[in-house]
Every structure is written in structure tokens, then in C-alpha cells.
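In what follows, a structure is listed as C-alpha cells, so that the remarks can point back to it.
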Amino acid sequence: MILALIEHDAVAPSGTSLEALTLARQIAAATGEPLHALAVAGDAGKLGPSLGDHGVEVLHAASFVGDDAYAPRAWARAVLAGAGAGGGQGAARAVVAPASDRGNEVMAYVGAIAGLPMVANCVEVAPDADGSGWRLRRLRWGGSIVEEAVLEADGPGLFTVAPDSVAAEAAGAPVATELRAFEVALEERDLQVRVNEVLEPATQGVSLTDARVVIGGGRGVGGEDGFAVLEELAELLGGAVGVSRAVTSLGWRSHQDQVGQTGCRIAPELYIACGISGAIQHMVGCKGARNLLAINTDADAPIMSKADYAVIGDLHAVLPAIVAELRKELAR
Amino acid sequence: MEILVCIKRVPFVGGTVVLTDDHRQVDTKFLGFTMSPHEECAVEEAVRLVEAHGGSSTVLTVGAPEAEEQLRYAMSLGMDRAVLVDAGARELGPRSVAAEIVGAVETMRSAGAGPDLLLLGNEAADTGDFQVGILVAEALGLPCITGVKELEVAGGELRATRERGRAREVFAVSLPAVCTVKEGLNLPRYPSLPGRLRAKSKPLATSEAGERVEQLRMQSLVVPREERRQAEVLGHGADAAGRVVEVLVELGVVKR
Amino acid sequence: MAGAPDRADVVIIGAGIVGNSLAYHLARLGVPRIVLVDKGPLPNPGGSTGHASNFIFPFEHSKMMTELTTESTAQYKALGVFTESGGIEVARTEARMQEFRRKLSAAKAWDQEAELLTPAEVKKLVPFIEEGLLLGGLHFPRVGVVDSLRAGTIMRERAQELGALQVLGNTEILGIDVEGGRVRAVRTSEGDIVAGQVAICCGVWSPRIARMAGATIPLTPAVHQMVSVGPIALFADSPGEISYPIVRDVDTGMYERQHGGDMEVGSYAHRPILVEPDEIPSIEASALSPTELPFTADDFDPQMESALELMPDLLGDERAGIRYAINGLISLTPDGHPVFGETSEVRGLWTAAAIWIKEGPGSARVVAEWMTGTQPCLDAHEADVARFWPHQRTRAHVRARAAEAFNKTYGIVHPAEQYLDSRGVRRSPIYAREVELGASFFETAGWERPNWYESNAPLLDEYAGRVTQRAAEWDARWWSPIIEAEHLAMRDRVGLVDLSAFAVFDVSGPGALDCLQRVAVAQMDVPVGRVVYTPFLTPDGGFRADLTIMRLGPSRFRVVTGAAHGLADRQWIVDHAGGGEAVEVTDQTSAWCTVGVWGPRSRELVAGCSPDDVSAAGFAYGTCRNIELGGLQVLASRISYVGELGWELYAPMEQGGELFDLLLEAGQPLGAVPVGLGVYLSTARLEKGYRAYGSELTPDYGLVEAGLHRRMVKKQEFTGKRAHLAERARTPAAVLCTLTVDYSAVAPDDRRYPLGGEVILGEGGEPIADARGRRSYVTSAGAGPSVGEYLLLAYVPPELAIAGQRLQVECMGERYPVAVAVAGNGAVFDPANERLRS
């Protein structure tokens, strides 16, 4: 069977889990294997209907003592148990998870414990011609490069699926998902790394990842003080300010605000990139934006080929003018 | 305390990625090299921890001999010594890299200098496998906390925090332990001139990576062909403001 | 943004400091349609201007460079982008202190403010310097930094305000069309532009762009490392960009300058790292910009140590990090001077490249003046791109010489210092014999020319007591007392000089006479067989060339000039050839070799080999004709730059070896000796007061001042005639004099010998300036063995141009009394020219 790991908040599967599930279903179709899913803790039963829409035949609902706190190795043990890691009939041919922080982590443990390769950030996976391995495509450089590879595995293929790369799609015909609950037998070691505490967010206001509009500032802003006008515009639009890595390296803003491969990924309705040249590590962070407006003195900066709209000019002249016009508009 | 930081040499790419003619590598003809961004924070953290708690730090890389450049850079920031596991021009997968690191750690342990804390980047900037830290921890029988954005060591205990959505999860384990960290953990320093000069004479040990068989074999790299958008130029300088606001309204992002 | 216009008077390629300045100056000079194109964005298109360290030290040993810098500084100040900070060169070695004293003298000669400082005085100005390492400093208080990006922007805007300029940023050059050897159009990514003139000002990319038109620009991109260290605690409280003087740690090849809160440290001490123009990354592929290449830390480490020991607290602060480090790209040429002017391959294709920030606006102004035919504000002929001979344009030569010159950027370079690389390219047919004779070869224009012959060492005994002993190592470098012995032997007997390096070209055709008449001061309509010595003048009446012309036929003239300026001289004639009957200018340099035979026994020597009449009556001074010499036919020209009886003998190049051997053998019983250029270019002519183009004959001075005006001015028009007539109508502002140095009060071992450039001071020790503000300095210097004096040439104001007038020369920090020996034109040796005309 093909086993898909589902992250959930006890109400519904996460968006990235559904994307991963979609890929898992593609693998299931290509291999003729049934599609199963696995969820840990919480009221997995609630997930049945949505998983059924996605063609999941069996949901393995794993639990263990103390499963109210996330523990990666324990989750990995749950996956291995669900995958029938003991081998033989019914063992998973492939395990698929979203390439979220937890998904990657859990699958890394699965691979480590089982002694199998784990391939992260896949966008396409298919069994190869003779069925002994896999042909796949995965992301490098946060998505700026796609790698075409073949995987030889003497056990289940382990894959995580890059977010926003596979569109989540319901199955043609929904199925009724069978629920199989089970308890995972754990050792002390499995619970060594475990969430002790959850701290609520210190920051108020719009978060970068949720904001509908993000105003991005790069090296062109020139210094900490230069961000005042970006903040002003963000406030008027109910958005948030993000920065490029150049800005954080120079200590002008906190890393919290960084958008990019090693910062956060944003997917706003509109991203206004000011004084940002468009280095690839930054662009992978904002490629989810619906619309991109670039404000730059350089009409040929790399970002221009990815922008929908552009203003050629110095942001220190352009932004105050936009703020003034916007105030007029809002006052109307 | 003894700290081991593992880094990886990667090219410093600008606005476009150019591939070599055989489509199997990034063309680095015009590019400088650096260590992965997450790892810069790992190095900085190690230096700070040793400054605070005493002990020493080692920086290790598995890669080409040219990676000495990154090791010297890490030492110029304050790492005490370096280890280069020479894999020649081969691209090693995460399991091979982890095995080499484990071998090096076992060598350190047998010399009585086993690390109390191993720090790695959460994932390498280029290959992004997300698993070397966990593989190393498993092989060494150590706990591993990943994605760390805040870190504290006190009395043999490690307390590490990471983000989950807007909230933060806190983990605590006893040392020895493995941590993979993310950029944002700290603001890495730049090397001082004396630091750079000291780094030249700090010890660097070299060993050779073993024969490894990779199960995941890269066939080729592709730069995704994104439609080169033709950006609609709304104007030049401050004069564009009016048109910009029209677009904002059209896009529906102006809330009243 | 509008696309490219269809036509333009001038298309400027490259919007760095040079391109922007050129646009402005052309507009100011009235050029109506100028288009400025750059493939990068403005204001910082990613070239060398964008990361330049932007400081200006006003003085260099080259007068041209100093003047370019002075002019540029004035422009920067007028634009309001200049911040004075002062600059100090610091010496760690005694050799450097000597160099400082030499520089100080030359700085006084060119009216540049400079003073020597003790280590303690240096420390007062730069408190964070480790003065214990220093022997002293050379302080230039007028050093400053400039915002070159802002300067370029303002100049561009001014040109736009004049309505003369259209700017196309982010536009790539796709090709340059050439038709009939002339530029026709520029093809860009925004459209094609038909252009009257095209100026290539794109720094490191210039050779590539020029190649599109089939032209060569001999420069190579090269790396110069720089790092920025900060935050510097001391600078946190200092206002603005720079509050401390810039330090040039010249003995280690480095500089340190404050830049806001950082200390920028640059190096010219690393191994030369040359980059092919095609290896420069595109804007998209670069991490920072195309001329900011990844830093190679290993190359900088030795410099790191030097910087640390010079500024231990400032740079040794652990909290100050290297937060910017690049291998920056700059342009280097084979001889270290910029490249200006019209390319020799394509008419209408101009360039202004390999220019540092400190010369940027000045260079652009000069090139604008050249392009519009306006009298240039300063003489920049040394930067003419046409100066390079074909072999000097090759990639191999450019790279070899640039690499050799790179580490001399802050070096102590002797005025006669020779390159070691790329030698032996042009050898006279007598070369092998000269090697046997132990010639010490100096190179000019690629020619290997003997400066003296070691085989003449026995002459030192013969003339013991009459040759100079130069005790100071510097004075004796690239020199030998044998030169003076050869000089004496030639004046006693006869000397043979290989002058095959002469640039020779024939001007022929129905329009030849008129053409030469137009450029020469002297009357050119002379009988066939006459040799004319004549200068060429600039329209302003200054010197443009100094050469001899033989009339070989009614419509055939042979021009003979020095190797150093041959190409420029030929170009001048070609430029004036048009607008009349046909004229052909044919280069004969590689066709003819020349041997000079001079001395009291020269007639005996030549007569002994020739059946022709070479007597005083039979062969008059200043004439030329073919004679037989042994089994050779040679063109003999009876003139002499050494002031002795004798001839220049011209033979076909392949016969030169035979000619020389023939003369050497026949001359043996007469005591003939081979004589090098140490005599020909220096000692002999100084004794005769013969001026040299480039030394005392420059565009800055006129015929009257140089004492070369004739009794009459010919009635025909010639370039500079009006200016010369005006000069004749007034009192000269300066007079060129021969001076002798009085060493009587100085022990021989302590004597220092001026080599050129030293300032002349009044009796009270103050610099002397003429009515036009030009200061007096040594234009040429050398021994006068026949008169037992050390001779200097210098221009002085007329009130001091009196035989016997006492003055001083400052040489290596020492002042020596000098006296005017000849005021105006005249010789200290054989003043009546009896030998010459015998």
C-alpha cells in the first residue's frame, strides 16, 4: 500500500498534507497499490470524510501515552508501525509526507531508524519501469532548481512533498475510509525529544505569512531608519513588512521579518518589493505571491522578470508618493 | 563544553542560476563560496557558547578540499580547530555524509574529546535533505532537536525553542545532544582581522571519505522555465504613485 | 522609456565617471545630439566607478597625470562632491624616505602642496597609527574623497538640461557598424543609432566593445582587492564620511581610508590577477556586480598583517569585522597611462578608458576637446591610444606588462627603470654585434637600444678623472660611467651609434610639399638633398613634434623622428594631409636602419670607405645624398644631434649588420668606438643645448621661450603660425636655459645628481614661477664630460635668464647651487659649432 502521513489540527488535515496525499494517490494509481493514510493523536476519526474524498481506503490512527505532546521519534515509530515495517504482505511500498518541518523531521527519523533513504521536497514521484525503484523530481535551492533523480530502495520509498508544488485534488470518486486505531509501543528513547512547552506568540499585529499585502525591503532601503516609510505603507494597507537576507545580515531588522529560503515563505495577494534585486534565495520565499510589484532603480534587475508590475525609481522617492496618494484615496 | 559544528560549502548564488553544460552542476565560474546560511548561525552559536561556558569547538565539513576556505572562515569567527573529510569532487548524499560525521565523532570520542553538543544547519542551501542531523543523532544514540531558533545551555541541559506557526515549541534534553538550527538563531559576526590571521594557524586535520554507494542518484538538474513575465511599468519615480494606487484598488487590497 | 533615436552626433558607451563627464563636456562644447548608453542600471551600472575607493592624491611623477588630477579635482569641487581629508604616505624604509624627498621636490615643481612629516607629526594627524614602524610621512593636505557616482549623475543631468543628451540605461550594445574605415552606426538592444562619432568609455569592457568595430584597446581588467572593516569604535562619533587623513602605506602596497563607520583597506600588493574581458560575469550572473568579484582571502592575508601592525588598536578590535571584501576589477594598460583618443583602426571611434576616479572628469574634458577640435586644456599626448605599436596591442604584451606594472602601483620607480618582461621584440640588424660588445639594452617602443657598451670599460682608465663617480645607489641605477667615457672618446676620435629605432616615413605625391609646409615651422620648399630640422606646433603655438625631414625628390620627403613619438608624429601628418592634392604617407621604419658616425675622425673614416666626395666642400652640412660605403649604397645625411662632424647613414634594414661591421673595422685604427644612447640622448646634446621633445619641448612652451625661433617666419601658413607670431610680438614669459651645478662645496661621496623633475629655487630657496604661473624645474639633466660640468635644462623667467645668475636645485632633499651657463639657446661646448660645420 502507499501510506500518506497526515498532519492535522484535530479538525482537518493540513493543506500541505492534502497536497502530499494527492501525490501519494498518484503513486498509488501508478503502482496499483491501495492508498492508506496515517495520523497521530487527536481525534483522528474526524478526518475520515475529508480523507475519503481524497481516496484514502484506510486511515491508521496511531496513539501512544503522552501523545498530546509532539515527539518526532515517537511519530516516526508510529509511521513505521503503520507501514508494517516488519515486512511481508501489507507492508507499505512507499510512505509520503508533507515536507513541512514536522513532516521532514518525522520522515528523517523513519529513514534513520529503518536504514532507508529518505527523499525530501519531491514534486513528482513514479515507479520506474521495472518496478524496483523510483524516478522522481525534487527541489534544490529552495525551489530554484529541480533535480531529476532515480532512487534505488530495498524497502519502502520514503518521500516528503514540497509545499505549493502539487495541487491538492480530491479523488474522482470518494471512498469510505476504514478507521484502524492502534497503540504504538514506545521506548524511553522515543520520548526523549518532546515538546515541553508551547509559548504563545509575543508579537501582535499581522503576521508575514498571513498578511494579504507584504511590503518587502532590501539593501536599497539603506538602513534601519529607512524602513519607516515601508511600515507606514504596510499599516495603511493592513499588511506586514518583510525583508531580504541582506537586510538581516546587516542587522537592520530582525530575522523574524526575513522572507526567503532561510526565512519565511509568504503567499500574499500582493508583494511590493522595494530595493530588492531578486536573488534566488529571496524569490523562493515570495513566489507564492499572487501579484508582485517591484520598485527599483534598475529596470533590468532579476526581480523584474518575475514581477507583474514595476515602478522604476528610488524607493525613497516613490514610497512617500504612494503613501500620499493612498491617503487621498482612503479619504475619498 | 566541547562543541562540533558541521558545515557545507555551497556557492554564493546571485539573481540567476547558471548550470554547467552537462546540466549536472551549478556553474560556479563567477561565484564565490560560503557555508549554508543556517550553518553561519550554528558557528556563531558555538563560538558564543564556548565564550560563555568555556571548552572548545570544532568545525567539520565533508566535501571537496576547497572547502578548507569555509573551515578557515569558521575558524576566523572563533572556532578552535577544523576537520576536513575529503570527498573529492563527489556529491555525497545525506546518509553518506552522516556516516562520515559519525566516523569523525567516534575518532573524537576515542581521543576523549567527544562533543557535548553537535550543531548543524537545518538543511543545506543547495540539496536541502533535512536529515543529516537526525541520521547522525540516531547513529550516535543522541537526542536531536531540529529547526532551532533559540538555544540555551545550563547545567548540562539544553533548552531549545522553535517556531510552529506563530507559536513557539520548547524542547529540553540533557547533553550530549544534536541540534539543527535555523537562521535567525543569532546575528552572526563578521571575522575580525586578528581572527582571520589566527585562523591561518589553527589546526586543520584532513581525512579521506570512504567509498560510498548512493541510492539516490541525481540524473540532471533543470532550472524551471518560469514564464518571463513582462512587468507592466506603472511609471518612473514619484510620478508613478497615482497609477500604483489604481492598481492597488484593482487588486482589491485597499481596505476602507 | 523611449527607445534609441535614429541618429546622434556622438554615442557614448559606458556611464561610469568617464562617460558621464564626457557627455557633459561635449554638451558644453556645443555638441547637439549625444546619446549615453549603458547596459547596466543608473546611477550605478556595476562598473569600477561603483565600488571605487574614491580618493584623490594630487601628485604623481607624471606631469600629465598630475595635471589631469588637478583638473579633475577642480571639476569635482565645482560639483560640490569633494570632501577634503588630507592624505599621508608613510615610509617604513629609508629608500621610501628618499623617494619622499624626490616627490617633494617634484611636487614643488608643479605647485602641489606637500610636506615631510616626522613619525610624531604623522601620529598627530592619525592618532591610531603605530608610529614606531615609521621613518616619516609625506603629507598632502589637499587630498580628498569624492562622491563619483553623484558627480556622474550631476554631469549627466547638466548635459540633459542643455538639451543635448539622451540617456539609455539597461541597453546593451549589439554591434558597431564600420564603413570605409569609419564608424557608421551603433546597434543596441533599443534600436540602431547612426552616429558621427562613438566614444567607448566602458572601462574593463572597452576591449570587447572595441572589437565589435574591429579596433583594439590595449588594456586588461585586473583585480585590486579591498575590504571594509567595521564598525570602528573610533569612527562612531566622527561626523560624515571621513574625518581622518587617508593613509597610503606605500611600502606594503596598501591604503587605509575611513568610510563612514568603516575602515576601508585596499591592496596593490597581491599577485597580479588578470581577468579576460570575456570572463567578466553579466549583471544577472554576478552575486554583487560584474566588477566586484568573489574575494580570494589567501591573497589578502599578508596585507592583513601589515594593516594590523600599522593600526593595531583600530583594526585589531575583535568587534570590528570584515563586512565587505571583494576582488575589485580595474583596468590596466601596458605602460600605466590611460588610453584616450581616436583608435588607429577606425576613424570616428574614440575611447577614454583605463582611467582612475582621480583623473576621470579631467580626462573626459580633454577627450571632449580632442573630439571637437578644441584646443585641449592640458597636454595629454602621453595617453593617446594611438601610441601603441602593433606588438604592444597584443594580448600577451598587454597582460605581461600590466602584470609587471601592477605591483609597482605604490612602488618606487626609477625614472629610467626598464621593464623586464616582453623584451627583445624589435631588434636592429646590429643586435647580435651589440650583444657581443656587451651592450646594456634599454627599451623604447619595443626596440632594444644600447644605452652603453660594457666593452668600452677600458675607456674608464683612459679617461680616469673625467668621468663622474655616482656614490648614491639611486643615482647610479640604470646608469654607467662608461657613458661618459664613450662621450669623451667620441669627441676625441669617432663614435658609431645605432639609431635603427628611428621612426621613418616617406611623404610623397603631388601634395607632399604642401602637406609638410602646413605642419612644419621651417620652410619646406628647399632644394632636393637638403635636410630640414623643424618642430611642429599645436594651434596654440606649443610644441607638437621635433624632427628632421630630408627632401629626396620634388615630391618625396623622408621624415625621421624618435621611436618614442613616431606613431603620433606620423598621425599628425596624416591628419593634415587631406584637402588638396594626393599625399601618400608610407611607413619606412622597418625598411631602413640608421648608423650615426660622429667625431673629429668621422670624415677620415667615411672617406676611407667611400669613393665619393665627403669633404667639407663636397658634402655640406645639412645636406643628404646617396654614397657608396664599401659594398653598400647608403643614404648619408650630414646632420648631428651630438654636435660633432659626421653623418647619419641609412641603409636597407637587412644590410645594417654589414654596415656596422664595415665601419667598426675601418674605424679600428682610428680608435672608433660603439657609442650608446646614454651619450646620444643625454650627455652630448646637453653640452650642445639641443632640446628634446617631451622634455623641454612640450605643448606648454613656445618656440621663443624654447629659443628655437628663427630670424624669419616663412610666409606660408602652418599650424600654430598665428600663435607663434603673437609670441614673437611680446616678451617671453620664460626662457630655456642651460645651468651647471656647483658641487664644489660638497664631498664627492655626498653628491646627489638630479635626474629630471627637480624644482629650481631662487637664491632665497623659494620656488620660481613665471608670469604665466609655470614653475621652474629640471626638464633634462646629465653630465657634460667634455666641459667637466653637470648640466641641467630649465625654463626660468626672463629676469633670471642671465648668464651667471645663481639659483638652486633641490635634489633628494638637498639644495645645490646652480648657475645659468647659457641663457636661451646655445652650447657650453663648441658654442660656435666649429666641429659641426667642419
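Chains as they are written, first to last, in numbering that gives the first Met the number 0: chain B, 0 to 331; chain G, 0 to 255; chain D, 0 to 837.
Think of the CB as a built atom: it goes at the ideal place given N, C-alpha and C, for glycine as much as any other residue.
Note that the structure is a prediction, hence the values are computed from the model and not measured.
Could you have a look at residue i and say whether DSSP puts it in helix, strand or coil?
{"i": "Thr126/G", "result": "coil"}
{"i": "Cys201/D", "result": "coil"}
{"i": "Asn169/D", "result": "coil"}
{"i": "Cys736/D", "result": "strand"}
{"i": "Ser16/B", "result": "helix"}
{"i": "Tyr815/D", "result": "strand"}
{"i": "Thr296/B", "result": "coil"}
{"i": "Leu78/D", "result": "coil"}
{"i": "Tyr789/D", "result": "strand"}
{"i": "Leu309/D", "result": "helix"}
{"i": "Leu644/D", "result": "coil"}
{"i": "Ala332/B", "result": "Because chain B here runs from 0 to 331, residue 332/B falls outside it and cannot be looked at."}
Compare the Cα-Cα distances from residue i to each of the options and report the closest residue.
{"i": "Ile265/B", "options": "Gln280/B, Arg244/B, Ala288/B and Ser248/B", "result": "Ala288/B"}
{"i": "Pro332/B", "options": "Gly44/B, Glu18/B and Gly51/B", "result": "In the structure as shown, chain B starts at 0 and stops at 331, and residue 332/B therefore has no counterpart that could be examined."}
{"i": "Arg210/D", "options": "Pro230/D, Val185/D and Gly229/D", "result": "Val185/D"}
{"i": "Glu171/D", "options": "Glu178/D, Asp191/D, Gln165/D and Gly143/D", "result": "Asp191/D"}
{"i": "Val222/D", "options": "Asp300/D, Leu331/D and Cys376/D", "result": "Leu331/D"}
{"i": "Arg492/D", "options": "Arg814/D, Gln667/D, His575/D and Leu566/D", "result": "Gln667/D"}
{"i": "Glu149/G", "options": "Pro187/G, Leu139/G and Thr160/G", "result": "Thr160/G"}
{"i": "Phe717/D", "options": "Arg710/D, Val520/D, Leu164/D and Phe81/D", "result": "Val520/D"}
{"i": "Ser49/B", "options": "Thr176/B, Leu292/B, Pro319/B and Gly262/B", "result": "Thr176/B"}
{"i": "Ala77/B", "options": "Glu56/B, Ser143/B, Val57/B and Tyr108/B", "result": "Tyr108/B"}
{"i": "Tyr430/D", "options": "Cys810/D, Phe659/D and Val34/D", "result": "Phe659/D"}
Looking at the secondary structure, which residues open and close the beta strand (DSSP E) in which residue i lies?
{"i": "Tyr323/D", "result": "Gly320 to Leu331"}
{"i": "Ile271/B", "result": "Leu269 to Cys273"}
{"i": "Pro48/B", "result": "It is not in any beta strand (DSSP E) - Pro48/B instead sits in the alpha helix (DSSP H) that spans Gly47 to Asp52."}
{"i": "Pro126/B", "result": "Met117 to Pro126"}
{"i": "Gly565/D", "result": "Element bounds for Gly565/D: not the beta strand (DSSP E) but the alpha helix (DSSP H), Gly565 to Asp574."}
{"i": "Met225/D", "result": "Thr219 to Gly229"}
{"i": "Arg624/D", "result": "Cys623 to Leu628"}
{"i": "Glu149/G", "result": "Cys143 to Ala153"}
{"i": "Ser779/D", "result": "Val777 to Gly783"}
Since residue i is in the alpha helix (DSSP H), which residue starts that stretch and which ends it?
{"i": "Gln516/D", "result": "Ala511 to Val518"}
{"i": "Pro118/D", "result": "Pro118 to Leu124"}
{"i": "Pro319/B", "result": "Leu314 to Ala330"}
{"i": "Tyr72/G", "result": "Glu67 to Leu76"}
{"i": "Arg727/D", "result": "Lys720 to Arg727"}
Can you pull the DSSP bridge partners for residue i?
{"i": "Phe32/G", "result": "Pro10/G"}
{"i": "Ala544/D", "result": "Phe535/D"}
{"i": "Tyr254/D", "result": "Arg247/D and Gly265/D"}
{"i": "Val9/D", "result": "Ile33/D and Gln196/D"}
{"i": "Asp21/G", "result": "The partner list for Asp21/G (beta bridge, DSSP) is empty, contrary to what the question assumes."}
{"i": "Asn455/D", "result": "Bridge partners of Asn455/D: none, in fact."}
*Going along the chain, which unbroken runs of the beta strand (DSSP E) with 3 or more residues stay wholly within the segment 159 to 199 of chain B?*
The segment 159 to 199 of chain B contains these whole beta strand (DSSP E) runs: 177 to 182 and 194 to 198.
*Mind listing, in chain order, the continuous beta strand (DSSP E) runs of no fewer than 3 residues lying wholly within the segment 181 to 248 of chain G?*
Counting only runs of at least 3 residues, the segment 181 to 248 of chain G fully encloses the following beta strand (DSSP E) elements, listed from N- to C-terminal order: 203 to 207, 215 to 221 and 231 to 235.
*Taking only runs that begin and end inside the segment 87 to 150 of chain D, name each unbroken alpha helix (DSSP H) of 4 or more residues, in chain order.*
For the alpha helix (DSSP H) assignment, the uninterrupted runs of no fewer than 4 residues enclosed by the segment 87 to 150 of chain D are, from N- to C-terminal side, 93 to 108 and 118 to 124.
*beta strand (DSSP E) runs wholly inside the segment 328 to 383 of chain D, at least 3 long, in chain order*: Runs of the beta strand (DSSP E) inside the segment 328 to 383 of chain D: 338 to 341 and 348 to 352.
*Where in the segment 228 to 256 of chain B do unbroken runs of the beta strand (DSSP E), each at least 3 residues long, occur, reported from the N-terminal end onward?*
Listed in chain order, the complete beta strand (DSSP E) runs (minimum 3 residues) inside the segment 228 to 256 of chain B are 239 to 242.
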